[in-house]
Amino acid sequence: MRGMNTVITVYGIPNCDTVKKSRAWFAEQGLDIQFHDFKKQGVPADLLPGWLKAVGWQKLVNRQGTTWRKLDAATQASLQDDASASALVQQQPSVIKRPVVQWQDAQGLHVTVGFVPDQWPAGPNHASKG
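Going by the working numbering, the sequence shown opens with residue 55, and the numbers climb by one from there.
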């Protein structure tokens with residue numbers, strides 16, 4: 055029953071392979087999701103403090119991706135805390151490790167980063183793995 059009546063939002067970029075894989079996983083589980091496209095809708099500034107608290111800036115910012123490698127050394131060096139991470143991800147949404155998945159259930163608000171299905175709510179098709 056976990057996952058029922060739970061609103062799951064996947065934040066990312068539609069052409070990102072990890073986002074595609076995550077969206078497919080939720081569909082296989084029989085779970086409906088809301089998708090928030092960073093490219094079209096931007097990074098939700100009101101949610102950033104919660105994400106940073108839940109996962110930390112070190113996990114939220116993908117320092118191994120192409121976008122990070124394209125940043126100049128001064129910008130990379132300026133990333134030192136939640137405030138600098140918040141500013142960077144709002145300017146450069148592609149630097150966020152994707153997807154960010156957020157949902158609320160009886161235990162509270164949950165936020166994950168990356169493809170981590172073992173941490174996500176199970177859907178009605180969960181028992182049919184085999």
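Quick reminder that beta carbons are idealized off the backbone N, C-alpha and C, glycines included. Small disclaimer: the values here were computed from a predicted structure and weren't measured.
- Going by DSSP, V167 is part of the beta strand (DSSP E) stretching over G162 to V167.
- The beta carbons of L114 and L106 sit about 6 Å from each other, so the pair counts as a contact at 8 Å.
- Ranking G110, A160, T129 and P153 by CA distance to the CA of D71 puts P153 first.
- Excluding its 5 nearest sequence neighbours in each direction, T63 has C-beta neighbours in its own chain below 8 Å: I87, Q88, F89, H90, V155, Q156 and W157, listed in chain order.
- The beta carbon of V167 sits closer than 7 Å to those of V109, K113, L114, K151 and V154, all from its chain and outside the five residues before and after it, given in chain order.
- Shortest Cα-Cα distance from R123 to any of F169, S148 and W79 involves S148.
- A137 is not a Cβ neighbour of W111, given a cutoff of 7 Å.
- The C-beta of V170 has fewer than 16 other C-beta atoms within 10 Å across all chains shown, which makes the residue exposed.
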